[in-house]
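Heads up: the sequence shown is residues 389 to 555, going by our numbering.
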Amino acid sequence: MILPILTYPHPTLRQKAEIVKDVGKEIRKLAENMAETMYNAPGVGLAAPQIGQSLQLIVIDPTGQKAQGLMVLINPKIVAAEGEVEEEEGCLSIPDFYFKIKRYSKVRVKGYDPLKEKTIEIEADGLLARIFQHEIDHLEGTLIIDHLGRVKRELYHRRILKHLKKK
Ligand code: NI
389 MILPILTYPH
399 PTLRQKAEIV
409 KDVGKEIRKL
419 AENMAETMYN
429 APGVGLAAPQ
439 IGQSLQLIVI
449 DPTGQKAQGL
459 MVLINPKIVA
469 AEGEVEEEEG
479 CLSIPDFYFK
489 IKRYSKVRVK
499 GYDPLKEKTI
509 EIEADGLLAR
519 IFQHEIDHLE
529 GTLIIDHLGR
539 VKRELYHRRI
549 LKHLKKK
């Protein structure tokens, strides 16, 4: 099922997402629906707060193509990071806007994988490292515009609101 994606400045996007304590049928179904929503968008990552569920759950596929490289992570955490790289980045909750954002070039992410039914650690670089940082930001209530300087952020805040009103 394709779920509606919340857009800026919805308050749920600003909440710290709750830890998932019990990985049961509901969470698995939610992850499945989130993956379908991500592929449909189309996007390469989606965090549960973006579909109105304030839970620490993300789906990622750097290929953006169904069943190619789907990863589902619950309660993900960055446990190590290094390097720095600046690239353009967008967000399904802020459609049509792209910003150059500095991120770690390499990260190690730990979380529970409901497909493998165990806690895993993933070493990521390149696009995958960027997506992990972006989606884990969502779980903290952080959005891409928060990585801009104050003046630019305020300018884009108004531009985004104006743009989304027209949609
Ligand atoms: Ni996003």
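Ideal Cβ positions, reconstructed from N, Cα and C, are used throughout, including at glycine.
- Here P464 carries a strand assignment [DSSP, helix/strand/coil].
- Cβ-Cβ distances below 7 Å link N463 to I407, V408, Q444, G499 and Y500 in the same chain, with the five nearest sequence neighbours on each side left out; the list follows chain order.
- The distance from the Cβ of G433 to that of I446 is about 7 Å, consistent with a contact at the 8 Å cut-off.
- With a cutoff of 7 Å, H545 does not count as near the ligand NI, since its C-beta is closer than that to no heavy atom of the ligand.
- In this chain, the alpha helix (DSSP H) harbouring V539 covers R538 to K554.
- Between P437 and T400 a beta carbon distance of about 5 Å is seen, short of the 8 Å cut, so the two are scored as contacting.
- Under the three-pair Cβ rule at 8 Å, the segment 470 to 489 counts as touching the segment 516 to 525.
- Residue environment for G431: buried (at least 16 other C-beta atoms within 10 angstroms of its C-beta).
- Not one heavy atom of the ligand NI falls within 7 Å of the beta-carbon of L515.
- Residue environment analysis places T507 among the exposed positions, since fewer than 16 neighbouring C-beta atoms fall within 10 angstroms of its C-beta.
- Under the DSSP assignment, Y492 falls outside any alpha helix (DSSP H); it carries neither an H nor an E label.
- Taking 7 Å as the cut-off, one finds at least one heavy atom of the ligand NI near enough to the beta carbon of L480.
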